[in-house]
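Trainee: Dropping a structure here in structure tokens format, bear with me for questions.
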Amino acid sequence: DTAVSQTPKYLVTQMGNDKSIKCEQNLGHDTMYWYKQDSKKFLKIMFSYNNKELIINETVPNRFSPKSPDKAHLNLHINSLELGDSAVYFCASSQEPRVAGQETQYFGPGTRLLVL
Amino acid sequence: AQSVTQLGSHVSVSEGALVLLRCNYSSSVPPYLFWYVQYPNQGLQLLLKYTTGATLVKGINGFEAEFKKSETSFHLTKPSAHMSDAAEYFCAVSQYGNKLVFGAGTILRVKS
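Those protein sequences? They're chains A and B, same order as listed. Counting along the first sequence from 1, when you hit position 60 you're at 53 in my numbering, and nothing is skipped either side. Counting along the second sequence from 1, when you hit position 9 you're at 1418 in my numbering, and nothing is skipped either side.
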């Protein structure tokens, strides 16, 4: 059974379109994250949610909007896609950190987004 | 703000040789440190982590890392490289809110 799953695995779309990436975890975790890995493989956090509440919101354009319908799901919606949005997007989850920073994050397989 | 520097974007070793991947961090508070591995076209998998306690941490696949506060380092080692170790390795430090700050990654190549 896949612990953290993402759909779709690949996404090719035109500039200006709106797209969503879905993430689900079956680990019973309270906290979920979105990371972006750019073409140079640099990984940076975008958002984190704890029990459906937004905890971290890095300096991400407003075109990116995370949505957490329940604590097992964290979807990422992107409006008006731009060329620079092409990247691999990783979802992750962890237990709620009782001691800040200690909890292991479990990553999904990634969604490879290509904007043409 | 905390940050991570991985020395060497590419490391090449022969099969059976020692693997040493370097990671230095900067942190104003006691750090929590992680090593993740990424195989081609896959997600990240935790190798090991340091939170508190013993400074020598053992992980999966024969890897280990030693936290050295005086050197602000958390280098990853494996005594004998295997072809299956070829992958990209990321060192990370955890910030408030469990936010992981990653280094730029080191690609490990294993030669037969």
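We put the CB at the ideal spot given by N, CA and C, even for glycine.
On the DSSP bridge assignment, give the partners of Leu1455/B in chain order.
Mentor: For the purposes of this step, residue 1455/B is taken as residue 46 along the second sequence, with counting starting at 1. Answer is Tyr1445/B.
Trainee: Quick test of the definition: if touching needs 3 or more C-beta pairs under 8 Å, does the segment 0 to 12 of chain A touch the segment 22 to 31 of chain A?
Mentor: The segment 0 to 12 of chain A vs the segment 22 to 31 of chain A: no contact.
Trainee: Start and end of the beta strand (DSSP E) containing Lys1508/B?
Mentor: The count along the second sequence starts at 1 and reaches residue 1508/B at position 99. Taken as a continuous stretch (DSSP letters only), the beta strand (DSSP E) holding Lys1508/B covers Lys1508 to Phe1511.
Trainee: Pick helix, strand or coil for Met1492/B, following the three-state DSSP scheme.
Mentor: Working through the second sequence from its first residue, we reach residue 1492/B at position 83. In this structure, Met1492/B counts as helix in the three-state DSSP scheme.
Trainee: Please check if any C-beta of chain B sits within less than 8 Å of the C-beta of Lys34/A.
Mentor: The residue given as residue 34/A occupies position 41 in the first sequence. So yes, Lys34/A belongs to the interface.
Trainee: Taking only beta-carbon atoms, is Glu17/A less than 8 Å away from chain B?
Mentor: On the first sequence, residue 17/A is found 24 positions in, with the first residue counted as 1. By this cut-off, Glu17/A is not an interface position.
Trainee: Nearest CA to the CA of Ala1501/B: which residue from Gly1512/B, Asn1450/B, Val1438/B and Lys1477/B?
Mentor: Within the second sequence, residue 1501/B is the residue found at index 92, counting from 1. Among Gly1512/B, Asn1450/B, Val1438/B and Lys1477/B, the Cα nearest to that of Ala1501/B is on Gly1512/B.
Trainee: Measure the C-alpha to C-alpha separation of Gln1504/B and Ser13/A and round it to an integer number of angstroms.
Mentor: Taking the first residue of the second sequence as 1, we reach residue 1504/B at position 95. Taking the first residue of the first sequence as 1, we reach residue 13/A at position 20. Cα to Cα, Gln1504/B sits roughly 28 Å from Ser13/A.
Trainee: If you drop the 5 nearest sequence neighbours on each side, which residues of the same chain put their C-beta closer than 6 Å to that of Tyr1459/B?
Mentor: Taking the second sequence and counting its residues from 1, the one referred to as residue 1459/B is at position 50. Answer for Tyr1459/B: Leu1442, Val1466 and Phe1476, listed in chain order.
Trainee: Using only the alpha-carbon positions, how far apart do Ala65/A and Arg105/A sit?
Mentor: If you number the first sequence from 1, residue 65/A lands on position 72. If you number the first sequence from 1, residue 105/A lands on position 112. The straight-line gap from Cα to Cα measures roughly 22 Å.
Trainee: Buried or exposed: where does Asn50/A fall if 16 or more other Cβ atoms within 10 Å of its Cβ makes it buried?
Mentor: One-based indexing of the first sequence puts residue 50/A at position 57. Exposed, because fewer than 16 other Cβ atoms sit within 10 Å of the Cβ of Asn50/A.
Trainee: Three or more C-beta pairs under 8 Å: does that hold for the segment 1425 to 1444 of chain B against the segment 63 to 83 of chain A?
Mentor: The segment 1425 to 1444 of chain B is not in contact with the segment 63 to 83 of chain A.
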